[in-house]
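Enquirer:
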Amino acid sequence: MLRHLTVFLGALACAAVLAGTALSGAEQIHISIDDSQVNGFWSDQCGTEVTVSQVGDLQVTLVRNKAGLVVRETDKIGGSKITFSSAYGSFEYPAVASQWDYGDGATLGSPVVISFTGLQGHVPGRVESDAGMLRFAGVVEGFDEFGIPEVEFGDVVKDAGHHASFEAVSAAICGAVGQ
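Read in order, the letters of the sequence shown are residues 3 to 181 in the working numbering.
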C-alpha cells in the first residue's frame with residue numbers, strides 16, 4: 003500500500019512540475035481595440051457606405067514550444083462589440099473568442115487551424131443568429147509587433163451549428179444598414 007502511495011505522490015509531483023513548465027511558456031498580451039473603418043466589401047454589397055467598428059478588450063494568450071515558436075493562441079474578447087453602420091441604420095453583436103492551433107510552431111507559410119465557437123453574428127429581426135462552431139484552415143503570413151502570427155484565412159474545414167447562407171446574411175446586413 004505504501005509503495006502505491008509513493009508512486010502516486012511521485013506521479014503527482016511530476017505532473018505538477020510539467021504543468022508548471024507548460025504554463026511558463028504562456029504569454030499574455032492585452033490589446034485595447036477601438037477600430038472603425040469603411041468596409042469596401044459591405045459598401046459594395048449594400049450600395050451605401052458601410053462602416054464596421056469594433057471596440058473592446060482583447061486578451062491574447064500565446065503558448066510557445068521549447069524552440070520559442072507559437073504553437074497555440076487563445077483570443078478572449080471581453081465585452082467587445084462589432085458594429086455595422088451607415089447613414090441609414092446600424093446594428094451590433096458581441097465578438098466571439100477564438101482558438102488558433104499552429105501545429106509544431108508558427109513560421110512563415112506554416113499551416114494554422116482557427117476555431118470560433120459561440121455566437122458569430124446577429125442582425126436583430128432580420129435573420130436567425132449564426133452560432134455554433136466554425137473552423138478554418140489558414141497560413142501564417144507574418145507576425146505583428148507583439149509577435150502574434152498574422153494569418154491568411156482559407157477554407158472552412160468544419161461547420162457545426164446554425165449558419166445562414168451568405169445570401170441571407172448579406173440581405174439582412176444590407177436591410178439593416180441600407181437605404
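Think of the CB as a built atom: it goes at the ideal place given N, C-alpha and C, for glycine as much as any other residue. Predicted model, so just to flag it, every value in this text is computed and none were measured.
When the distance is taken between beta carbons, is Q181 closer than 8 Å to T50?
Expert: Yes, the Cβ-Cβ distance between T50 and Q181 is below 8 Å.
Enquirer: So V98 and V129 are supposed to be a Cβ contact under 8 Å. How far apart are they, rounded?
Expert: About 17 Å separates the two Cβ atoms, so there is no contact after all.
Enquirer: Please state whether DSSP places S45 in a helix, a strand or coil.
Expert: In this structure, S45 counts as helix in the three-state DSSP scheme.
Enquirer: Does the segment 156-172 touch the segment 90-108, meaning 3 or more C-beta pairs lie closer than 8 Å?
Expert: Contact between the segment 90-108 and the segment 156-172 is absent, because fewer than three Cβ pairs lie under 8 Å.
Enquirer: Based on Cα-Cα distance, which residue from G123, H124 and Y104 lies nearest to I116?
Expert: The shortest Cα separation from I116 among G123, H124 and Y104 belongs to Y104.
Enquirer: Taking the alpha carbon of V62 as the reference point, which residue from A139, G123, H124 and S100 has its own alpha carbon closest?
Expert: It is S100.
Enquirer: Quick check: the Cα distance between A173 and S45, rounded to an integer number of angstroms?
Expert: Each residue's alpha carbon lies about 13 Å from the other.
Enquirer: For my contact list, S82 and T53 are in at a C-beta cut-off of 8 Å; report their separation, rounded to the angstrom.
Expert: About 16 Å; that fails the 8 Å criterion.
Enquirer: Which residue's Cα is closest to the Cα of R137: E75, K78, W102 and P126?
Expert: Taking only the C-alpha atoms, the option nearest R137 is W102.
Enquirer: What are the residues that DSSP puts in a beta bridge with F168?
Expert: Looking at the DSSP assignment, F168 forms no beta bridge with any residue, so it has no partner.
Enquirer: Would a C-beta distance cut-off of 8 Å place V142 and V114 closer than the cut-off?
Expert: Yes; because the gap between Cβ atoms is below 8 Å, this pair is in contact.
Enquirer: Apart from the five residues on each side of it in sequence, which residues of its chain come closer than 6 Å, Cβ to Cβ, to F155?
Expert: Excluding sequence neighbours, F155 sits near F138 and G140.
Enquirer: Where does A162 sit, in a helix, a strand or coil, going by DSSP?
Expert: Strand.
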